[in-house]
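Chains as they are written, first to last, in our numbering: chain A, 1 to 341; chain B, 1001 to 1484.
For every residue, glycine included, the Cβ atom is placed at its ideal position computed from N, Cα and C.
Since we're looking at a predicted model, the values are computed, not measured.
Some notes on the structure that comes next.
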């Protein structure tokens, strides 16, 4: 479905709650560029009613606003949750009480979500539980509409916000600022609908792509010229746990902090936009293999083809790639054969 | 008559906070600082492969993410017996300094200064200027600062892949080597950031700020230009008119774990500062008291190597998820002020000998440190040698232990790691705000913020006393670290 385009004169009202997380998605958002965060929110016609790091008001005035929204006295267009829902201990929510209210934060999240036209889970914690749900998940951390990969979470699998959409999961650990600001802008201009989200309700604007797309190591990947140590320039899929060929995000198509990505930082993709990334079942920087073949194959690639292509390309690896793959800086540049030395 | 006031949710601090105040005759008589969230990272880390700490630990905190990486890498390096090559130290210093300076800047512009635009100050001569400059989300300062900060963070795009939550910082150095062309790019990013600082924050050269050596020199510098000549001058002007040195007195003991190592020496020395002098730090004297925190515990304070984190939401007399760390039984204040006092910065020591640790001196130390660290970053970037290694690799023994001590923007951060049978057997973390915002200990001694709040003035009718707002934020708290 598509929502009516709101009157540009009426700003789209956004309320932001943090719970069991690190605040890193907000901090990443502060790094929004070209334009900066204040300008981009203005461009999207977003009025921030309250954000825990950015707003001036605190205490009673914030609680008053939450009560008015809960009681239907003030409209709410967008609710953002950053961080996991904290249900523990034993479902009481006492691991995170809303300061000044004597009530668990999870009760506030649920009350406000019922009133919001759109509900956005900002980051993998709010979407799926994320890093807070790692290990034995003693805090009983979950996402808004998922508990790990299991549909449900706090709001239940059937939850639909006022605009008729499920929770929108802007997953990532942290999010790229553009993933959220572009989603907000699409919502505020009435152009965000069910067809804009993927099977985990993540915006397709960034999950249409694999982290592999645009990776600067693609040539090493093609020839299976693999890195052996964290610092080597080669492909990190074979030995160092890189999940870029499976992970859904455009990390290598837009720059992080103006210049980088995990791969450009010489460390592997850990698939942080996916549910359950926090418990990979192996060391994060090791590739699990069965008889020498990585367990996690590239998305949509038949195993037999992968094995055949890999052995063929390994046999054809140019010397330049073989050397550079296991070096920490480029030792051998490409050479133009047209130029006579 | 004593009245009880509960202030919270407390925003423009990193994470969640509630403060309970007892008020009598317009003054706070006592305060309880409540960290209302528990997350349990120490329990998550138990039984993980040791090097996976580098994935989990930074995610304790989105604002001190690199500091958590550095502490984790140092504890792992101690366990593995590794030390970084020169380039590795320089790159890690640059990565860490970028986060720390950006945090100082974020704190000053987005968390601390907006309180001066509050309605309560409408009769102050400077209020109109403060409204224009520092109103949250709308003031001109945020519009100047956000693009400059984002561009400065390109240092991390280049050296760390992204921020927050990088895996570049490793026990043996940095995974990311830097080419000759990239060293030029680093120098250009730093030059652009210096230009922002000199134009907007200081209205003067960084060298002038770094060279100020006494309270008198600072006053003379401030008087050189009108109060609108840079945002630091604005702060100094507001501080004088509101008598900020009288707010939020320190308890008297300051601690720093030391930061930015280079070839075996520190840029800012570790130590403990009290009664006008710095003494050596003995980390063996650190213990956490759990008497007023929601944790099940054996009797008495626990040393971090053998410490436990077992939540108990029903514990009697407890009021916070924050433990109470003490050094030799004493409350320590940590942060930029402590770091500069311990290191012996002459102007900061002079200011503190006049008025003690307080809201004013905490902010002056933080802003001064921006100048000092950015100048150091320029040197480190110039000292990188692209052809040389940035990292060494090693193996984690099956049985080992290590301590990782460093300084986040907001103070001393320690990780205590014990490895058994190749897995993490125990991992304990003491974060800066755990020191500053600790609850009472078993002898009833309140934490550093609780002590600083006692005596704070409360204006008639105030439900969110503005003095309390200034005092709390002057510590630059990070509650998400606190309640790891």
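Helix, strand or coil at residue i [DSSP, three-state]
i: residue 26 of chain A; result: helix
i: residue 1268 of chain B; result: strand
i: residue 1287 of chain B; result: strand
i: residue 118 of chain A; result: strand
i: residue 331 of chain A; result: coil
i: residue 1033 of chain B; result: strand
i: residue 128 of chain A; result: helix
i: residue 243 of chain A; result: coil
i: residue 1467 of chain B; result: helix
i: residue 210 of chain A; result: strand
i: residue 344 of chain A; result: No answer is possible for residue 344 of chain A: it lies beyond the span of chain A, which begins at 1 and ends at 341.
i: residue 324 of chain A; result: helix
i: residue 289 of chain A; result: strand
i: residue 1310 of chain B; result: strand
i: residue 302 of chain A; result: coil
i: residue 87 of chain A; result: coil
i: residue 1059 of chain B; result: helix
i: residue 1246 of chain B; result: helix
i: residue 1319 of chain B; result: coil
i: residue 1117 of chain B; result: helix
Residue span of the alpha helix (DSSP H) that contains residue i, given as start and end
i: residue 1403 of chain B; result: It is not in any alpha helix (DSSP H) - residue 1403 of chain B instead sits in the beta strand (DSSP E) that spans 1400-1408.
i: residue 1363 of chain B; result: 1359-1383
i: residue 1352 of chain B; result: 1346-1355
i: residue 1451 of chain B; result: 1448-1453
i: residue 1234 of chain B; result: 1231-1242
i: residue 1134 of chain B; result: 1127-1134
i: residue 337 of chain A; result: Segment: none, residue 337 of chain A is in no alpha helix (DSSP H) and carries neither H nor E.
i: residue 1217 of chain B; result: 1215-1223
i: residue 1065 of chain B; result: 1065-1080
Residue span of the beta strand (DSSP E) that contains residue i, given as start and end
i: residue 1442 of chain B; result: From DSSP, residue 1442 of chain B is part of no beta strand (DSSP E); its letter is neither H nor E.
i: residue 109 of chain A; result: Segment 105-113 is the alpha helix (DSSP H) holding residue 109 of chain A; no beta strand (DSSP E) there.
i: residue 1095 of chain B; result: Run containing residue 1095 of chain B: none in the beta strand (DSSP E); it sits in the alpha helix (DSSP H), 1086-1106.
i: residue 1415 of chain B; result: 1411-1420
i: residue 1262 of chain B; result: 1259-1262
i: residue 1325 of chain B; result: 1324-1327
i: residue 1007 of chain B; result: 1003-1007
i: residue 1423 of chain B; result: 1423-1430
Proximal residues of chain A, C-beta to C-beta of residue i below 9 Å
i: residue 1011 of chain B; result: 50, 51, 52, 53, 54, 55, 56, 57, 58, 59, 62
i: residue 1445 of chain B; result: By Cβ distance, chain A contributes nothing, its closest Cβ being about 24 Å from residue 1445 of chain B, past 9 Å.
i: residue 1393 of chain B; result: 229, 230, 231
i: residue 1016 of chain B; result: 18, 19, 52, 96, 97, 98, 99, 105
Opposing strand residues paired with residue i [DSSP bridges]
i: residue 1014 of chain B; result: B:1478
i: residue 1274 of chain B; result: B:1277
i: residue 1254 of chain B; result: B:1273, B:1333
i: residue 96 of chain A; result: B:1037
i: residue 169 of chain A; result: A:121
i: residue 1022 of chain B; result: B:1004, B:1030
i: residue 256 of chain A; result: A:260
i: residue 1302 of chain B; result: B:1288
i: residue 197 of chain A; result: A:203
i: residue 274 of chain A; result: Per DSSP, none; premise fails for residue 274 of chain A.
i: residue 294 of chain A; result: A:289
i: residue 1457 of chain B; result: B:1027
i: residue 1391 of chain B; result: B:1173
Under 7 Å from the C-beta of residue i: neighbouring residues of chain B
i: residue 159 of chain A; result: Those do not exist, as residue 159 of chain A stays about 24 Å from chain B at its closest Cβ, beyond 7 Å.
i: residue 259 of chain A; result: 1154, 1157, 1158
i: residue 131 of chain A; result: 1056, 1059
Chain A contact residues for residue i, given Cβ-Cβ distances below 8 Å
i: residue 1257 of chain B; result: Chain A residues near residue 1257 of chain B: none, gap ~21 Å exceeds 8 Å.
i: residue 1067 of chain B; result: Simply none; closest approach about 12 Å.
i: residue 1390 of chain B; result: 231, 328
9 Å Cβ cut-off: residues of chain B touching residue i
i: residue 226 of chain A; result: In chain order: nothing, as chain B lies at least about 15 Å away.
Contacts that residue i makes with chain B (C-beta to C-beta distance below 8 Å)
i: residue 33 of chain A; result: 1147, 1150, 1151
i: residue 24 of chain A; result: 1059, 1061, 1062, 1063, 1065, 1164, 1165
i: residue 138 of chain A; result: 1040, 1043, 1311
Proximal residues of chain A, C-beta to C-beta of residue i below 7 Å
i: residue 1036 of chain B; result: 96, 97, 99
Which residue spans inside the stretch 3-85 of chain A form an unbroken alpha helix (DSSP H) run of at least 4?
-> 24-30, 37-43, 60-70
Where in the stretch 1152-1210 of chain B do unbroken runs of the alpha helix (DSSP H), each at least 4 residues long, occur, reported from the N-terminal end onward?
-> 1154-1160, 1180-1196
Fully enclosed by the stretch 137-190 of chain A, which beta strand (DSSP E) runs are 3 residues long or longer?
-> 168-170
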